[in-house]
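The opening residue of the sequence shown carries number 2 in my numbering; numbering runs sequentially from there.
A short worksheet on the structure shown next.
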Amino acid sequence: MRKIKHLFFLFGLILFILSACDKNKVFEEYKTLPEKIWNQDSLVHFSFPVADTLQHHNLYLNIRNEVSYSYSNLWLFIEIIQPDGKAVKDTFEVTLADPSGKWLGEGFSGLKTLQTVYRRNVYFPVSGEYKINIKQGMREENLKGISDIGFRVEKIQ
């Protein structure tokens, strides 16, 4: 019993140290899709504060999909809204599997997580709260097999 407590403590300490090493992370959050179904009218929302308008960033999309997902890609409509209300809209394709059908994400069992670069070397021209809206752009009304959508902002050193 004592060994198990020590193992849990050691595991927790390692997780804490690894998360502390992520010093470039400005923001990262996941949103879980109800029942792993993404309706074509449903938006996934994120918001994060920006104080430094001179710092450049990389933006990432994090996708968790079931291995039962029917496609090798995922089309997304992405909108970034600045604090002053200006919006930039984009269409972006995430490749989830290689041409042979092998999933590109990491993970065990039936769930894969893929982090892909959305934009490199981005700066935010206005300080304040930025909003991200993401909508699936596939041709299915209720897209099955996407579990979570994540968004990450990293400082460039």
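C-beta: ideal position from N, C-alpha, C; glycine also.
Owing to the predicted nature of the structure, the values given are computational and were not obtained by experimental measurement.
In DSSP terms, what residue i is bridged to
| i | result |
| --- | --- |
| R120 | L60 |
| G151 | Y31 and N63 |
| G89 | The amino acid at residue 89 is misidentified as Gly; the sequence shows Val. Beta-bridge pairing links V89 to I81. |
| K26 | E155 |
| L144 | W39 |
| T96 | N74 |
| P126 | Looking at the DSSP assignment, P126 forms no beta bridge with any residue, so it has no partner. |
| L44 | K136 |
| K103 | For K103, which the question treats as bridged, DSSP gives no partner whatsoever. |
Proximity to residue i [Cα-Cα], best of the options
| i | options | result |
| --- | --- | --- |
| N25 | S69, Y61, W39 and K37 | Y61 |
| E130 | N74, V51, K136 and M139 | V51 |
| A88 | Y119, G146, V154 and I79 | I79 |
| T96 | F109, L115 and S110 | L115 |
| A98 | I82, T117 and K37 | T117 |
| V154 | I133, V45 and E94 | I133 |
| G86 | T33, G106 and S128 | S128 |
| N59 | Q41, I150, V123 and E94 | V123 |
| D91 | Q137, G108 and F49 | Q137 |
| K113 | I135, I150 and Q41 | I150 |
| Q83 | D42, S48 and W76 | S48 |
| G106 | S148, P100 and N66 | N66 |
| D53 | F125, Y31, E29 and M139 | F125 |
| H159 | E30, E36, H57 and P35 | Any question about residue 159 goes unanswered here, given that the chain covers just 2 to 158. |
| I81 | Y119, Y72, S101 and Q56 | Y119 |
| E141 | Y72, I135 and F93 | Y72 |
| M139 | L55, D42 and E36 | D42 |
With 16 other Cβ atoms within 10 Å as the buried cut-off, status of residue i
| i | result |
| --- | --- |
| I157 | exposed |
| N63 | buried |
| Y70 | buried |
| N74 | exposed |
| R121 | exposed |
| L44 | exposed |
| F152 | buried |
Nearest-angstrom Cβ-Cβ length linking residue i and residue j, presumed shorter than 8 Å
| i | j | result |
| --- | --- | --- |
| W39 | V68 | That pair is no contact at about 17 Å. |
| I147 | L77 | Actually they do not touch by this definition, with Cβ atoms about 10 Å apart. |
| K145 | K32 | About 17 Å; that fails the 8 Å criterion. |
Residue i at chain B interface by Cβ criterion, 9 Å
| i | result |
| --- | --- |
| F49 | The displayed structure is made up of one protein chain only, and chain B is not part of it. |
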